[in-house]
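Here is the structure we will look at, set down as C-alpha cells.
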Amino acid sequence: MMIHTYKMNGYPIVLDVNSGSIHVTDEQTYDILNTFEEMPTLEQVLTKFGGSVDENRLTEVWQEIKELKDQGVLYSEDIELDLDPEKSLHTGLKAICLHVAHDCNLRCEYCFASKGDYKTGRSLMSKETAFQALDYLVKHSGTRKNIEVDFFGGEPLINFDVIKATVDYGKSLEETTGKKFFFTMTTNAFHVTEEQAEFLNDHMGNIVISLDGRKPVNDKMRKNIAGKGSYEEIVKNAKLIVDGRKGKQYFIRGTFTSFNKDFSEDVRHIRSLGFREISIEPVTGKGSPLHIKKEDLEEILQEYERFAAEYAKDETDYRFYHFNINIYDGPCLSKRITACGAGTEYTAVSPDGKFYPCHQFVGQEEFSIGNLKEGIKNTDLQLEFAAANVYGKDACKKCWAKYFCSGGCHANAYYTNNDIHKPDEIACILQKKRIECAIMIQVARS
200 MMIHTYKMNG YPIVLDVNSG SIHVTDEQTY DILNTFEEMP TLEQVLTKFG
250 GSVDENRLTE VWQEIKELKD QGVLYSEDIE LDLDPEKSLH TGLKAICLHV
300 AHDCNLRCEY CFASKGDYKT GRSLMSKETA FQALDYLVKH SGTRKNIEVD
350 FFGGEPLINF DVIKATVDYG KSLEETTGKK FFFTMTTNAF HVTEEQAEFL
400 NDHMGNIVIS LDGRKPVNDK MRKNIAGKGS YEEIVKNAKL IVDGRKGKQY
450 FIRGTFTSFN KDFSEDVRHI RSLGFREISI EPVTGKGSPL HIKKEDLEEI
500 LQEYERFAAE YAKDETDYRF YHFNINIYDG PCLSKRITAC GAGTEYTAVS
550 PDGKFYPCHQ FVGQEEFSIG NLKEGIKNTD LQLEFAAANV YGKDACKKCW
600 AKYFCSGGCH ANAYYTNNDI HKPDEIACIL QKKRIECAIM IQVARS
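Just so you know, we're using the numbering used here here: the sequence shown kicks off at 200 and counts up by one.
This is the structure in C-alpha cells:
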C-alpha cells in the first residue's frame, strides 16, 4: 500500500500509487493522509489533531478516507503480475530501429552516438540489409498485425535512396503478408530537399526533428562538420516538413544541458516559431560537464514547477510532451511494468546487420544479441533485459512513480551505473518532478 503526497501550484495532491487514483484535498485531509498509515484509528487521529481541528470535522475526514480505502482508491494493494522473462521472448517482435546511416552532417557536443558513427566507423546500410531486416521483422512478429520501423542514424536522410526503397519494399510486404507497417524517422533536418520532405510526409507516420531551441543554445551544441551553427537551416527545413504534415504526428525534440537550465525559454522559443508538438530532454549520465549534476537539480526542479504553472493555464494548442500523461486511459499494467520492450519486442539493427537491444547500445559488442544471418544468439542477454522491469529493480519496487516511468531507461542506467538494473538517480529525480507537474496540470485544467 502506497500513496504519494505533494503540493504544487496551490494544490494539495494525493496519488494512490497502485490504483492510479488522484485526489485533490483540503489542508486538513492532506495532513491526516500523511500520517494515516501510522495512525489508522479514529482515536489516534483525534489525539493527534484534536487540538487544532474540530472533532466533527476530523471524524468526517477519517470516515471519508476509510471509505476510499475500502473502495480501493486509497492505500490500495499492489498487484504483482507473473512476469516470467521467458514468456516475453515469445510475444513477437513489434518494432525495429533501422540504423540506415552511421554517419551524420552534424557534430553535436552531447551525441551519445560518437557524433554519428557509434565508434564503429562511418557507414551506410545497404538496400539488401534493410530488406532483410524487414523480412526478419515480419517473420518474427508472430500474430501482430501492426509493426513499426524507425529510420535512425546518425542522420538517416544521408541514405535517402535506401529509405525510399525500404518503404516501397515494406508496402509490397503488406500485400503479401497481411502486416501493416508504421514508418517513423528521427532527423536533424539540417539538409532536407522538397522531394525528401514530400516523401516523409507521405510515408512517415511520425517524424522527430531535433532542435534545441534558441539560436545561441542550439548553435553551441549542434554544429555542422565545419564547426558552424545549424539553427537557420534546421528551422527552415523543420518548417518545410511540418507545414506538410497535414495533421500527421511530429515532434520538435530538443536537448538541454547544464548550460541552459532555463530550458522553458527554449520551449517558448520553439513554440514562437509555430511548432506545436515539443519535447525537451535533459542530458543525464556522468563524465561530461554537459550532464545534469546534483548541484543543478534545485534550479531545474524549480524551473519545471514554474513552467508547469504557466503551462497549466495556457489555453493554446501546443503540447509539451513531458507534461502530457493520460490518467484516464493509459497503458495496461503489463506495459507500465515492462516499458519499452528493449531486446524483446524492440530491436535496433546496425548497418552491418547486427542486433542490439536498442539504439543506445548499438556499437557496444557486449550488447549484441544476434544478427540478420544467424538470428538471436544471446538469449541470456535478452532475458536480462526482460527481467529489468519495475519488479526487478530494487530502486523501483517502493517508488511511487514506477507505474508512470516503468523503471526508466536501461541505457541511462547502464551508462551511469554500469548496470541496467540500477536506474540513474538524477534521471529518476527529474522524471518524478515531470510526473508531479503533469498530474498537477491535469488537476488545474479539470
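Note that beta-carbon positions come from the ideal geometry of N, C-alpha and C, so glycine has one too.
This structure is a prediction, so every number in the text was calculated from the model and none was measured.
**Request:** Report buried or exposed for P355, applying the criterion of at least 16 other Cβ atoms within 10 angstroms of its Cβ.
**Result:** Looking at its Cβ environment, which holds 16 or more other Cβ atoms inside 10 Å, P355 is buried.
**Item:** According to DSSP, residues forming a beta bridge with K422
**Value:** Among the bridge pairs identified by DSSP, K422 is matched with G428.
**Message:** Is it buried or exposed, I278, if we count other Cβ atoms within 10 angstroms and call 16 or more buried?
**Reply:** Counting the other CB atoms within 10 Å of its CB gives I278 a total below 16, which places it among the exposed residues.
**Message:** Using 8 angstroms as the cut-off, can you tell me whether the region 346 to 363 makes contact with the region 299 to 315, which would need three or more C-beta pairs spanning the two stretches below that distance?
**Reply:** As far as the Cβ criterion goes, the region 346 to 363 touches the region 299 to 315, which means the pair count is three or higher.
**Prompt:** So what does S409 bridge to, in DSSP terms?
**Reply:** BP columns for S409 point to R452.
**Prompt:** For N459, which residues from the same chain have a beta carbon less than 7 angstroms from its beta carbon, with the 5 sequence-adjacent residues on both sides left out?
**Reply:** So the qualifying residues of the chain are V416 and D465.
**Item:** Collapsed DSSP secondary structure at N570 in the structure displayed
**Value:** It is a strand residue.
**Distance between I491 and I212 (C-alpha atoms, nearest Å)** = One C-alpha to the other measures close to 28 angstroms.
**Asked** Out of curiosity, what's the CA-to-CA distance linking F248 and D225?
**Response** If I take the Cα positions, the gap works out to 15 angstroms.
**Request:** Please state whether DSSP places M639 in a helix, a strand or coil.
**Result:** DSSP places M639 in helix when its eight states are reduced to three.
**Item:** Terminal residues of the alpha helix (DSSP H) in which I362 lies
**Value:** Under the DSSP assignment, I362 falls in the alpha helix (DSSP H) whose first and last residues are F359 to T376.
**Request:** Could you tell me if S409 is buried or exposed, where buried requires 16 or more neighbouring beta carbons within 10 angstroms of its beta carbon?
**Result:** By the neighbour-count definition (other C-beta atoms within 10 Å, threshold 16), S409 is a buried residue.
**Message:** Mapping the DSSP letters down to three states, classify T546 as helix, strand or coil.
**Reply:** For T546, the three-state secondary structure derived from DSSP is strand.
**Prompt:** How would you write the range of the alpha helix (DSSP H) that I212 sits in, first residue to last?
**Reply:** Premise fails: I212 lies in the beta strand (DSSP E), Y210 to D215, not in any alpha helix (DSSP H).
**Prompt:** With 16 other CB atoms within 10 Å as the buried threshold, where does N345 fall?
**Reply:** By the neighbour-count rule (16 or more Cβ atoms within 10 Å), N345 is not buried but exposed.
**Request:** Could you check if I424 is buried or exposed, using at least 16 other CB atoms within 10 Å of its CB as the buried criterion?
**Result:** Exposed, because fewer than 16 other Cβ atoms sit within 10 Å of the Cβ of I424.
**Request:** Tell me, please, which residues DSSP counts as bridged to P481.
**Result:** Bridge partners of P481: F455.
**Request:** With Y510 as the anchor, note down where its alpha helix (DSSP H) starts and where it stops.
**Result:** Per DSSP, the unbroken alpha helix (DSSP H) holding Y510 starts and ends at K493 to A511.
**Message:** Quick check on this structure: which residue in L292, E504, V244 and Y590 has the alpha carbon closest to the alpha carbon of A541?
**Reply:** Answer by Cα proximity: L292.
**Item:** I524: first and last residue of the uninterrupted alpha helix (DSSP H) it sits in
**Value:** First-last for I524: undefined, no H or E at that position.
**Asked** Could you give the uninterrupted runs of the alpha helix (DSSP H) lying entirely in the region 594 to 641, keeping only those of 4 residues or more?
**Response** Runs found: 601 to 604 and 609 to 616.
**Request:** Would you please state the rounded distance, in angstroms, between the beta carbons of I406 and T392? I believe it to be under 8 angstroms.
**Result:** In this structure I406 is not in contact with T392, their Cβ atoms being roughly 15 angstroms apart against a cut-off of 8 angstroms.
**Request:** Since I believe G453 is in contact with I469 (beta carbons under 8 angstroms), could you give me their beta-carbon distance rounded to a whole number of angstroms?
**Result:** Between G453 and I469 the Cβ distance is about 7 angstroms, and since that is below 8 angstroms, they are a contact.
**Asked** Do G219 and T290 have their CB atoms nearer than 8 angstroms?
**Response** At least 8 angstroms separates the beta-carbon of G219 from that of T290.
**Message:** At the level of alpha carbons, what is the spacing between K414 and L323?
**Reply:** Separation of K414 and L323 (C-alpha to C-alpha, rounded to the nearest whole angstrom) is 30 angstroms.
**Request:** Evaluate the contact criterion for the region 323 to 334 versus the region 264 to 272: three or more CB pairs, one atom per stretch, below 8 angstroms.
**Result:** Touching, no.
**Request:** Could you say which of N436, S275 and D579 lies nearest to L472 if we only look at CA atoms?
**Result:** Looking at the Cα atoms, N436 is the closest of the given residues.
**Message:** Within a Cβ cutoff of 8 angstroms, which residues of the same chain sit near L288, ignoring the five residues on either side of it in sequence?
**Reply:** Result list for L288: T543, T578, Q581, L582 and A585, in chain order.
**Request:** Please name the residue in K318, P622, G484 and K314 whose C-alpha comes closest to that of K588.
**Result:** Here residue 588 is Asn; the residue named in the question, Lys, does not match the sequence. Checked all of K318, P622, G484 and K314; the closest Cα to N588 is P622.
**Prompt:** Below 8 angstroms between beta carbons: does that hold for Q331 and F359?
**Reply:** Against a cut-off of 8 angstroms, the Cβ pair of F359 and Q331 comes out as no contact.
**Message:** So within the region 269 to 327, which uninterrupted alpha helix (DSSP H) runs reach at least 4 residues, ignoring any that extend past its ends?
**Reply:** Correct list: 284 to 287.
**Residue span of the beta strand (DSSP E) that contains K149, given as start and end** = Residue 149 lies beyond the residue range present for the chain, which begins at 200 and ends at 645; the question has no answer from this structure.
**Asked** For the beta strand (DSSP E) that H390 lies in, which residues bound it at each end?
**Response** Secondary structure note for H390: it is in no beta strand (DSSP E), with a DSSP letter that is neither H nor E.
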